Amino acid sequence: MIFWNRKNLERIALLPDGMRQRGEYILRNPRMGRRPLGKTDSGEKFWSNCWGTTVFLEGENSYQECKRISMKNPFIIRGIPSVYWEKRNRPGLVEIDVMEEFLDNNYKKVDNPRAGDVVVVVGDYRRNWLAHTGIWTGVGNYVLGQHNLGGNFGLQEFFGQGRNRSFYFARRSK
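Quick look at the structure:
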């Protein structure tokens, strides 16, 4: 993971304005992802994830859409709500079912990516299993987001396909 410095601000300069500002915020606060968002009734801590970070970078309308999806069919996994934000000034947690529906309803696959498009990684356990998301910066292989559950925020160099994984770019269609 690569954190805030002048070079990284240049790497996210092509992002749309609001997304760039939120990107600068998480680059300046990379370890915020390691702070728990909350606790379950049984006292188990939980953290933000890559899907919640992607939604945060996308902005308020994306957050509202994920909340709407989760309210249609509310579910709780191990005491953790399907969409959770402690405060909306930092990335939260979005569970896989909500993120898959959010992407299906609001994004289309594109062959000509541009800065701000979502990188969607699928694979691992099942062929079309949603594994990871981030925001492509438009510069080289750099993707802005969160690596691992409760991991640091920052830029990652993204090299595409890995073991049992593939990826595509998606652009907001609504």
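In the numbering used here, the protein residues as written are 12 to 185.
C-beta: ideal position from N, C-alpha, C; glycine also.
Predicted model only: the values in this text are computed from it and were never measured.
Compute the beta-carbon to beta-carbon distance between residue i and residue j, rounded to the nearest angstrom, for a pair I have assumed lies under 8 Å.
i, j, result
"Val133", "Ser177", "6 Å"
"Val105", "Asn60", "7 Å"
"Arg182", "Tyr118", "6 Å"
"Phe67", "Gly103", "7 Å"
"Asn16", "Phe164", "Not quite, the Cβ-Cβ distance comes to about 14 Å (not below 8 Å), so this is no contact."
"Leu26", "Gly127", "5 Å"
"Thr65", "Phe57", "Between Phe57 and Thr65 the Cβ distance is about 17 Å, and since that is not below 8 Å, they are no contact."
"Gly145", "Val154", "4 Å"
Provide the residue(s) that pair with residue i in DSSP beta bridges, ordered along the chain.
i, result
"Lys120", "Ala181"
"Trp147", "Val154"
"Val133", "Leu141, Ser177"
"Val94", "Val105"
"Glu168", "Tyr153"
Evaluate residue i with the Cβ neighbour count: other Cβ atoms within 10 Å of its Cβ, from every protein chain shown; 16 or more gives buried, anything less gives exposed.
i, result
"Glu69", "buried"
"Asn19", "buried"
"Gln32", "exposed"
"Gln167", "buried"
"Ile23", "buried"
"Pro92", "buried"
"Gly151", "exposed"
"Arg89", "exposed"
"Leu160", "exposed"
"Ile87", "exposed"
"Met30", "buried"
"Gly54", "exposed"
"Met110", "buried"
"Arg101", "buried"
"Gln75", "exposed"
Hey, does residue i have any beta-carbon neighbour from chain B nearer than 8 Å?
i, result
"Asn72", "Note that chain B does not occur in the displayed structure, where there is just one protein chain."
Worksheet item: Enumerated in chain order, which unbroken segments of the alpha helix (DSSP H) with a length of 4 residues or greater are wholly contained in the segment 24-102?
Response: 28-39, 61-69, 71-83
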